[in-house]
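Everything below concerns the one structure shown next.
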Amino acid sequence: MQSQIEIHTEPLNIQACIAWVMSPESGGIDIFIGTVRNATKGKPVVKLEFEAYNQMAVNEINKILKQAFERWPLQKALVHHRTGTLHVGEIPVIIAVSAAHRDAAFEACRYIIDTLKQTVPIWKKEFFEDGEVWVAAHP
Amino acid sequence: MEITVLAFGIAKDIFGGQLITVELGDSTATTADLKVSLEARYPKLKQLASYMVAVNNEYAEDGGVITELDEVAIIPPVSGG
Chain X
1 MQSQIEIHTE
11 PLNIQACIAW
21 VMSPESGGID
31 IFIGTVRNAT
41 KGKPVVKLEF
51 EAYNQMAVNE
61 INKILKQAFE
71 RWPLQKALVH
81 HRTGTLHVGE
91 IPVIIAVSAA
101 HRDAAFEACR
111 YIIDTLKQTV
121 PIWKKEFFED
131 GEVWVAAHP
Chain V
140 MEITVLAFGI
150 AKDIFGGQLI
160 TVELGDSTAT
170 TADLKVSLEA
180 RYPKLKQLAS
190 YMVAVNNEYA
200 EDGGVITELD
210 EVAIIPPVSG
220 G
């Protein structure tokens, strides 16, 4: 399995992620780029703060990528996640997947981001004009 | 025995810091014992949608044994991506 997992405090580099997953055997690349939205349920968002349990986050992402490689014929898969303060339009996460055929790349990319959101120990706090909240903390 | 517990996200706010120590009595404590002890000391934990205990960077079962040598962390609901 050819994979790359990184957690950065600096801005993520889309071009470098695409370049890393490219390979002569691939017929396509699928990429998911998460971006900071300017509002949650109609309420303007000022900024987000991301925090990670770094070593465990890398381990959990690695498990997800292993599952993806078992389920789909992939060439390469990459996950880069950002921590720290991010403003509207900035990029907290990039998932990039290459495969010989597009179905595998599309499905694996979707699986990786969906599962990451459920299992990987990374947290975001939303800052509004009148307060702040850890996302998903309370029912 | 005394367990050092790492906290992240809202758990860090509830504990008032990234690291706390918890006294768990004997040497065969489980993650369930830890949860009982933490919830008595920090009732706000019970208001969370859920939370998990991680031992040595892996999600732990409720009956999982913890020792003083383990890296123990409280994992509130995740929200990455």
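In order, the protein sequence lines correspond to chains X and V. Heads up: the first sequence runs through residues 1 to 139, numbered per this note's numbering. Heads up: the second sequence runs through residues 140 to 220, numbered per this note's numbering. Each residue gets a CB set at the ideal place from its N, CA and C atoms; glycine is no exception.
Exercise. Between Lys53/X and chain V, is there a C-beta pair that is closer than 7 Å?
Worked result: Mapped onto the first sequence, residue 53/X falls at position 53. Reading off the sequence shown, one finds Tyr at residue 53/X, where the question assumed Lys. Taking Cβ atoms only, chain V reaches closer than 7 Å to Tyr53/X, which makes this a yes.
For this session: Compare the beta carbon distance of Ala96/X and Ala105/X with 7 Å and say whether it is the shorter of the two.
Result: Here residue 96/X corresponds to residue number 96 of the first sequence, with the count starting at 1. Here residue 105/X corresponds to residue number 105 of the first sequence, with the count starting at 1. Their beta carbons are not under 7 Å apart, which means Ala96/X does not touch Ala105/X by this criterion.
Exercise. Would a check of beta-carbon distances place Gly156/V closer than 7 Å to chain X?
Worked result: Numbered from 1 along the second sequence, position 17 holds the residue referred to as residue 156/V. With 7 Å as the cut-off, Gly156/V does not count as an interface residue toward chain X.
Problem set entry | Three or more C-beta pairs below 8 Å linking the stretch 106–114 of chain X and the stretch 202–211 of chain V | no
Problem set entry | Buried versus exposed, by CB contacts within 10 Å (16 or more), Asp114/X | As a first step, residue 114/X is located in the first sequence; it is residue number 114 there, counting from the start. Exposed: under 16 other Cβ atoms inside 10 Å.
Exercise. How should Thr35/X be labelled, buried or exposed, when 16 other C-beta atoms within 10 angstroms of its C-beta is the threshold for buried?
Worked result: By 1-based counting over the first sequence, the position of residue 35/X is 35. The residue is exposed, with fewer than 16 neighbouring Cβ atoms inside 10 Å.
For this session: Report the rounded CA-to-CA distance for Val175/V versus Phe50/X, giving the unit in angstroms.
Result: Counting from 1 along the second sequence, the entry for residue 175/V is found at position 36. Counting from 1 along the first sequence, the entry for residue 50/X is found at position 50. Answer to the nearest angstrom: the Cα atoms are 28 Å apart.
Exercise. Under a three-way DSSP split, which group does Glu200/V fall into?
Worked result: Along the second sequence, read from residue 1 onward, the residue named residue 200/V stands at position 61. The answer is coil: DSSP assigns Glu200/V none of H, G, I, E or B.
Problem set entry | Per DSSP, cross-strand counterpart(s) of Ser98/X | Taking the first sequence and counting its residues from 1, one reaches residue 98/X at position 98. DSSP lists Ile29/X, Lys76/X as partners of Ser98/X.
Exercise. CB-CB under 6 Å to Gln2/X, same chain, minus the five flanking residues each way: which ones, in chain order?
Worked result: Along the first sequence, one-based indexing puts residue 2/X at 2. Correct list, in chain order: Lys76.
Exercise. Using a C-beta to C-beta distance shorter than 7 Å, which residues of chain V count as neighbours of Lys117/X?
Worked result: Against the first sequence, residue 117/X aligns to sequence position 117. Within chain V, the residues near Lys117/X are Gly219, Gly220.
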